[in-house]
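Colleague: Okay, here's the structure, questions in a sec.
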Amino acid sequence: MENDLKVHYLKSVVPAMMKNRGYVNLHQVPKLEKIVLNCSVGSLTDIKVALEDAVHDLTMITGQKPIKTKSKKSISNFNLRLHQEIGCKVTLRGKIMYDFLLRFIRAALPRIRDFRGIPNGGFDGRGGYTLGVKDHSIFPEIEIDRVKRNLGFDVTFVTSGKDREETREMLSLMGMPFIVRTQDAAKTGNKETTDGQEVLAA
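Heads up, the sequence shown is in numbering that gives the first Met the number 0, so the first residue is 0 and it goes up one at a time.
This is the structure:
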């Protein structure tokens, strides 16, 4: 088991996918290009304070300061103005991306109550997968005693995968614990609830 996910990708994921899919060139194997965390606080009444809290907490979680995002239109019912700051996002690449993913898999996901795996419905068919995090306190970097409000955000994994199945296989080999689908369980005889690989081991 590798503590460095980039090394794990090169030593384990690439050979496995070349064998499983009959690739003849390692460049055919999809890569994880970036991870984007996107948070919106536009529905909260105290947007300014909530946004500062969100920026602080996402910085703690990722180790990189987010940029603030603005509304694209006005919504009078919510007192929302055009170009008003309503959220923040952070884009991770390289080492900081792999480090975040390892912490996400090993430390954050297991802290979700009654966790049984991540859903299979977040693929866009073009190499992307998006997962919603409802409560940011699952990340050990967040001090629960100081949490003023639950912060939810989307985590999008952008890969060079050509389709849903190729992307899912690569992310699963990286350690993402997807809920096992009926067709996969029938093929492998796997009765486990998730199919994330050995990178999840302690």
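We treat Cβ as the ideally placed atom computed from N, Cα and C, and that holds for glycine.
If we count the other Cβ atoms within 10 Å of its Cβ and call it buried at 16 or more, is ALA53 buried or exposed?
Modeller: For this step, residue 53 is matched to residue 54 along the sequence shown. Classification of ALA53: buried, given that the 10 Å Cβ count is 16 or more.
Colleague: To which residues of the same chain is LYS147 closer than 7 Å at the C-beta, ignoring the five residues directly before and after it?
Modeller: On the sequence shown, position 148 is the one that residue 147 refers to. Cβ within range, chain order: ASP52.
Colleague: Checking 8 Å against the spacing of the C-beta atoms, do LEU50 and LYS30 come in under that value?
Modeller: As a working mapping, residue 50 is identified with position 51 in the sequence shown. As a working mapping, residue 30 is identified with position 31 in the sequence shown. The answer is no: Cβ separation not under 8 Å.
Colleague: Let me know the secondary structure DSSP gives VAL13 once reduced to three states.
Modeller: Position 14 of the sequence shown, counted from the first residue, corresponds to residue 13. Three-state result, VAL13: helix.
Colleague: What do you get for ALA107, buried or exposed, if any count of 16 or more other CB atoms within 10 angstroms of its CB means buried?
Modeller: For the purposes of this step, residue 107 is taken as residue 108 along the sequence shown, with counting starting at 1. Its Cβ being crowded by 16 or more others within 10 Å, ALA107 is buried.
Colleague: Should LEU25 go down as buried or exposed, given a rule of 16 or more other Cβ atoms within 10 Å for buried?
Modeller: Position 26 of the sequence shown, counting from 1, holds the residue named residue 25. Burial call: exposed.
Colleague: Relative to the alpha-carbon of SER70, which residue among ILE85, ILE60, MET59 and ASP56 has its alpha-carbon at the smallest distance?
Modeller: The residue labelled residue 70 in the question sits at position 71 within the sequence shown. For the residues ILE85, ILE60, MET59 and ASP56, the minimum Cα distance to SER70 belongs to ILE85.
Colleague: Where does VAL288 fall in DSSP's three states?
Modeller: The shown model of the chain, from 0 to 201, leaves out residue 288, and the question about it has no answer.
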